[in-house]
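Chain order of the listed sequences is A and B.
Take the first sequence: its letter number 402 is residue 401 in numbering that gives the first Met the number 0, and every next letter is one higher.
Take the second sequence: its letter number 221 is residue 220 in numbering that gives the first Met the number 0, and every next letter is one higher.
Using N, Cα and C, we set each Cβ at its ideal position, and we do this for glycine too.
All values derive from a computational prediction rather than experimental measurement.
One structure is given below, encoded as structure tokens.
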Amino acid sequence: MNAPQVIKMYAAREEIYPREIKGRYASLRWVCVWLTQLAFYGLPWLSWNGRQAVLFDLASRKFYLFGLVLWPQDFIYLAVLLVMCAWLLFLVTAVAGRVWCGFACPQTVYTEIFLWIERKIEGRRSARIALDRQPPSLKKFSRKSAKHLAWGAVALWTGFSFVGYFTPIRMLGTEALTFSFGPWEWFWVLFYSFATYGNAGWMREQVCKYMCPYARFQSAMFDRDSLIVTYDAKRGEPRNPRSEGGCIDCSMCVQVCPTGIDIRKGLQYECIGCAACIDACNSVMDKVAQPRGLIRYSTDRAMAEGLGARDIQRRALRPRVLIYTGLLGAVALAFIAALWLRTPLKMDVIRDRGSMGREVEDGKIENVYRLQIMNTTEAPHTYRIRASGIPSLNVASDAEVTLAPTETRAVPLRLRTEHGKAQKGSNTIEITLEALDDSAIAVHEKAVFIVPR
Amino acid sequence: MSDFTNGFWNGFIIVLTLLGVIGCGVLLYTQSVHKVLKDHKGPVGTTGHIWDEDLTELNTPMPRWWMWLFYITIVFSLGYLFLYPGLGSYAGTLGWASSGQYKQELAKADADYGPLFAKYQSQDLKAVAADPQAHAIGERLFLTYCAQCHGSDARGNKGFPNLTDKDWLYGGSPDVIKTTIMHGRNGVMPPMGAALGSDKDIENVAHYVLSLSGGTADPIKTVFGKAKFSACMACHTAAGTGNQALGAPNLTDKVWLYGGSAETVMETIRKGRNNTMPAFADFLGEGKVHVLAAYVWGLSNPVEVAKK
Ligand code: SF4
Ligand code: SF4
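What follows is the structure, encoded as structure tokens:
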């Protein structure tokens, strides 16, 4: 018997020091960083109608999006929006693989920002590796502290901006200056800051490799015609420092990889499709005066069958992609139409359960309802209540009701009809609520009118 | 109420929970390394497991922080079970309970709105009725607590008085309304069938009662009924105008609590009526009742309520 050998099922993380790289795709990533962060940090500061333009007011359950005010009843729009995002992700992944991961995902974007800070303070890759190997020293300590302080500052600002979407950010700013946050504000600002700091500063590629659910199921959206970052083994092998046009084994592509993999080993699940290795290898090829594209965007099939760019493009329009596009387009159109036609007024009709219908003066029959009316606009409106469905049906209580901006109110309603106009038992009627100043703002609700036997 | 029928099940659940938590830790510890024989078949970097002849399991180790997260979770769960209820019927050292949470929120709401109700409480009811904000609050309170019986429009139902007219069983002054809401009322009309005599007598009295308010009544029966009405006078007075001190309705108007047909009136006389308005003093507190009373009074005195 041999002595048993012990395998560890859990291992320490190996530090990855991605080398800085310039190139087409690196620039594209920076464009994404700027666009997403300008939007994220900037949006809460915009004003609209005398309030914050984008504000998710959880306490009063109203979502403000520029001119649009969404109420809990509008939750369907959020659901449809999420469905559309999912489809868009399916579509993009089927066509171009993990481009979201490599360019626009917050994890990537913040890691990019944090890496930039790290480079500014600790220096380039080799300097950083050297620094980490050094024994503790004042210089090392001060560099590291400076880095973490800078990271902390960005993280805090991010957490603050995040909470600014849920609490008016200007108020939050004044509170921050006077250190008068409430417990929940403290919690969320710090929580989100900590998440940013931890994910972009410490976790980095581990989030993509071990924690991200999207990374786990996107293999289901890939197929052999999806674009991937790939090494052209036919052209590259065998590796040789003096090869012409092939891989010179400079390992630049490995050094720039943020997930620490070697793309030359083929498609791997760790690859987030950031194309940093493409930029790296292209710059190497430029230096050795060989054509670019030893590492490039291509598809699995194109690599195996030696297809050209035209074939790749043609194959991009396969049924799966067309169906995704069609569905996405249809849902997007329906979504926009629904938002456009949305009536900024809601009404629930609740029949009083205490009485089945009563006889009042002159033998008229009366039913009592409660109208739950919601004015979802930011202006006051006066509405007229009408009822139809039975001859001589009329509103016996106040027929006009005024609601303040974004007010919700329960309004008692009495409907009356003359004796004998309606059949005994229950009759279907319609109650209409219409704004006096704008006939486009109107809702109709079915209700039941009961005539006692 | 106890959650368990006897102490055994409580202990059973505690032991089961703790064993489960600790078992997770033991499992994690024993499975974090794996022994394989040096000469195991298969490529390097596998766990040595082989299925179906040639299927091998690659060893791609999880990051170690992940394992530590599991351990931290276990420590957290034990701490949680120590502090909060979760282990059988053990209440946790913090003594937290959802009912306590509810009481806290209630106390907070009272603290928030208390001053507002206190302000109104110090005002005269008629002044409160004229205040638009108090009116809005009163309307909401009414729809929440009173509308089930009196209707959303406050016009009542059979057996539940209409609050929008000027007719009151116990009096319609603001203070009496407040007393009614605070302490409730018990309206009792005793069964008079036996006292009046035969069915014929009851019918006669009913017709007399209807004639008081000018309803359709048989004149002959009315005459006979009038003679028998003396049995009713103690409460409804000789003229039939009722007595608000007793809550005895006025029979000379056209307002009927249970209905004004001869059959209904006869039924009322024969079997009597029992009617209860519940007391709200303990449930709502005087502050809210004050605003509510002002609102209800305003329902039948609308001209005096300032238009919003
Ligand atoms: S292999 Fe290339 S594309 Fe993939 S993560 Fe590494 S650098 Fe990015
Ligand atoms: S960068 Fe290009 S040439 Fe250098 S090792 Fe990678 S694939 Fe080979």
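Q: Find the residues of chain A that neighbour Trp95/B, judging by a C-beta separation of less than 7 Å, and give them in chain order.
A: Looking up residue 95/B in the second sequence gives position 96. Within 7 Å Cβ-Cβ: nothing; Trp95/B doesn't reach chain A, min ~17 Å.
Q | Nearest to Ser218/A (by Cα), restricted to the options Thr92/A, Gln133/A, Ser425/A, Glu429/A | A | By 1-based counting over the first sequence, the position of residue 218/A is 219. Out of Thr92/A, Gln133/A, Ser425/A, Glu429/A, Thr92/A has the C-alpha closest to the C-alpha of Ser218/A.
Q) For Ala395/A versus Arg413/A, is the C-beta spacing smaller than 8 Å? A) Taking the first sequence and counting its residues from 1, the one referred to as residue 395/A is at position 396. Taking the first sequence and counting its residues from 1, the one referred to as residue 413/A is at position 414. Yes. Within cutoff.
Q. Taking 8 Å as the CB-CB limit, is Gln147/B close to chain A?
A. For the purposes of this step, residue 147/B is taken as the residue at position 148 of the second sequence. With 8 Å as the cut-off, Gln147/B counts as an interface residue toward chain A.
**Q.** Proximity test, Cβ basis, 8 Å: Ala11/A and chain B
**A.** Here residue 11/A corresponds to residue number 12 of the first sequence, with the count starting at 1. Closer than 8 Å to some Cβ of chain B, the Cβ of Ala11/A qualifies, so yes.
(Q) Contact defined as beta carbons within less than 8 Å: I believe Leu162/B pairs with His149/B. What is the distance between those atoms, to the nearest angstrom? (A) The count along the second sequence starts at 1 and reaches residue 162/B at position 163. The count along the second sequence starts at 1 and reaches residue 149/B at position 150. Correct: roughly 6 Å between the Cβ atoms.
Q.
Out of Thr59/B, Phe7/B, Phe69/B, which one is the CA nearest neighbour of Gly22/B?
A. To locate residue 22/B, count along the second sequence from 1; it is residue 23. Of Thr59/B, Phe7/B, Phe69/B, the residue nearest in Cα terms is Phe69/B.
Q) At a Cβ threshold of 8 Å, is Asp222/A touching chain B? A) Numbered from its first residue, the first sequence carries residue 222/A at position 223. Asp222/A does not count as touching chain B.
Q. Roughly how many whole angstroms lie between the Cα atoms of Arg309/A and Ala275/A?
A. Position 310 of the first sequence holds residue 309/A. Position 276 of the first sequence holds residue 275/A. Each residue's Cα considered, the two are about 24 Å apart.
Q. Pick from Tyr296/A, Ser354/A, Arg127/A: whose alpha carbon is nearest that of Gln312/A?
A. Working through the first sequence from its first residue, we reach residue 312/A at position 313. Nearest option by C-alpha distance: Tyr296/A.
Q. Does the Cβ-Cβ distance between Leu37/A and Val53/A come in under 8 Å?
A. In the first sequence, the residue the question calls residue 37/A occupies position 38. In the first sequence, the residue the question calls residue 53/A occupies position 54. The answer is no: Cβ separation not under 8 Å.
Q.
Please tell me whether, using a cut-off of 7 Å, the distance from the CB of Met251/A to the nearest non-hydrogen atom of ligand 2 is below it.
A. As a first step, residue 251/A must be located in the first sequence, where it is residue number 252. Checking every heavy atom of ligand 2 against the Cβ of Met251/A, one is found closer than 7 Å.
Q. Once you ignore the five residues that flank Ala116/B on each side, which residues in its own chain have a CB closer than 8 Å to its CB?
A. By 1-based counting over the second sequence, the position of residue 116/B is 117. Reading off the sequence shown, one finds Phe at residue 116/B, where the question assumed Ala. Result list for Phe116/B: Gly284, Gly286, Lys287, His289, Val290, in chain order.
Q.
Which of the three DSSP states is assigned to Val35/B in this structure?
A. Along the second sequence, read from residue 1 onward, the residue named residue 35/B stands at position 36. Here Val35/B sits in strand by DSSP.
Q: To the nearest angstrom, report how far apart Ala315/A and Leu18/B are at their CA atoms.
A: Numbered from 1 along the first sequence, position 316 holds the residue referred to as residue 315/A. Numbered from 1 along the second sequence, position 19 holds the residue referred to as residue 18/B. In a straight line, the C-alpha of Ala315/A is about 55 Å away from that of Leu18/B.
**Q.** Cross-chain neighbours of Arg413/A in chain B, by beta carbon under 8 Å
**A.** The residue you call residue 413/A lines up with position 414 of the first sequence. Correct list: Asp152, Arg154.
Q. Among Asp248/A, Ile372/A, Trp33/A, which residue has its Cα nearest to the Cα of Ala403/A?
A. Looking up residue 403/A in the first sequence gives position 404. For the residues Asp248/A, Ile372/A, Trp33/A, the minimum Cα distance to Ala403/A belongs to Ile372/A.
Q. Taking the continuous beta strand (DSSP E) assigned at Gly47/B, which residues delimit it?
A. To locate residue 47/B, count along the second sequence from 1; it is residue 48. Looking at the DSSP string, the run of the beta strand (DSSP E) that includes Gly47/B is 45-50.
Q. Do Thr431/A and Ile389/A come within 8 Å of each other at the CB atom, strictly closer than that value?
A. Along the first sequence, one-based indexing puts residue 389/A at 390. Along the first sequence, one-based indexing puts residue 431/A at 432. Cβ distance not < 8 Å, so Ile389/A and Thr431/A don't count as in contact.
Q | Per DSSP, the bridge partner or partners of Lys118/B | A | Position 119 of the second sequence, counted from the start, is the residue given in the question as residue 118/B. Looking at the DSSP assignment, Lys118/B forms no beta bridge with any residue, so it has no partner.
Q: Please report how far the alpha carbon of Ala126/B lies from the alpha carbon of Ser172/B, in whole angstroms.
A: Residue 126/B sits at position 127 when you count from the first residue of the second sequence. Residue 172/B sits at position 173 when you count from the first residue of the second sequence. C-alpha separation (whole angstroms): 13 Å.
Q: Note down, in chain order, every chain A residue with its Cβ under 8 Å from the Cβ of Met181/B.
A: Here residue 181/B is taken as the residue at index 182 of the second sequence, counted from 1. Correct list: empty, because the minimum Cβ distance to chain A is about 23 Å.
(Q) By the three-class DSSP mapping on this structure, what secondary structure does Met0/A have? (A) Mapped onto the first sequence, residue 0/A falls at position 1. Confidence in Met0/A is poor, its pLDDT being 46 and thus under 50, which makes the residue's placement unreliable; the coordinate value appears in the next sentence. The answer is coil: DSSP assigns Met0/A none of H, G, I, E or B.
Q. Under the three-state reduction of DSSP, which class applies to His443/A: helix, strand or coil?
A. For this step, residue 443/A is matched to residue 444 along the first sequence. Of the three classes helix, strand and coil, the one that applies to His443/A here is strand, per DSSP.
Q) Is the CB of Val447/A under 8 Å away from at least one CB in chain B? A) Within the first sequence, numbered from 1, the residue matching residue 447/A stands at position 448. Val447/A does not count as touching chain B.
Q. Looking only at its own chain, which residues have a Cβ that is under 7 Å from the Cβ of Trp167/B, when we skip the five neighbours before and after it?
A. On the second sequence, residue 167/B is found 168 positions in, with the first residue counted as 1. For Trp167/B, where only same-chain residues beyond five positions count, the Cβ hits under 7 Å are Gln243.
Q) So which residues of chain A does His33/B contact, with C-beta pairs closer than 9 Å? A) Working through the second sequence from its first residue, we reach residue 33/B at position 34. Chain A residues near His33/B: Val5, Ile6, Lys7, Met8.
Q: Find the nearest neighbour of Val162/A within the set His418/A, Pro43/A, Tyr16/A, judged by alpha-carbon distance.
A: Translated into the one-based positions of the first sequence, residue 162/A becomes position 163. Per the Cα distances, Pro43/A.
**Q.** Residue-chain proximity (Arg272/B, chain A), Cβ-Cβ < 8 Å
**A.** Here the question's residue 272/B lines up with position 273 in the second sequence. So no, Arg272/B is outside the interface.
**Q.** Residue nearest to Ser438/A in terms of C-alpha spacing, selected from Ala194/A, Leu344/A, Arg238/A
**A.** Here residue 438/A refers to the residue found at position 439 when the first sequence is read from its first residue. Minimum Cα distance to Ser438/A is reached at Leu344/A.
(Q) Threshold first: 4 residues or longer. Then list the alpha helix (DSSP H) segments lying entirely within the stretch 196-281 of chain A, N to C. (A) 212-216, 232-235, 251-255
Q) Does DSSP put Gly307/A in a helix, in a strand, or in coil? A) Counted from its first residue, the first sequence places residue 307/A at position 308. DSSP places Gly307/A in coil when its eight states are reduced to three.
(Q) Output needed for Lys146/A: all residues of its chain with C-beta closer than 8 Å, excluding positions within five of it in sequence on either side, in chain order. (A) By one-based count along the first sequence, residue 146/A stands at place 147. Excluding sequence neighbours, Lys146/A sits near Ile116, Glu117, Ile120, Glu121.
**Q.** C-beta neighbour in chain B for Asp351/A, strict 8 Å
**A.** To locate residue 351/A, count along the first sequence from 1; it is residue 352. By this cut-off, Asp351/A is an interface position.
Q. Any beta-carbon of chain A closer than 8 Å to the one on Met276/B?
A. On the second sequence, residue 276/B is found 277 positions in, with the first residue counted as 1. Chain A, which has no Cβ nearer than 8 Å to the Cβ of Met276/B, makes this no.
Q) Listed in chain order, which residues of the stretch 46-59 of chain B have Cβ atoms closer than 8 Å to some Cβ of chain A? A) Thr46, Gly47, Asn58
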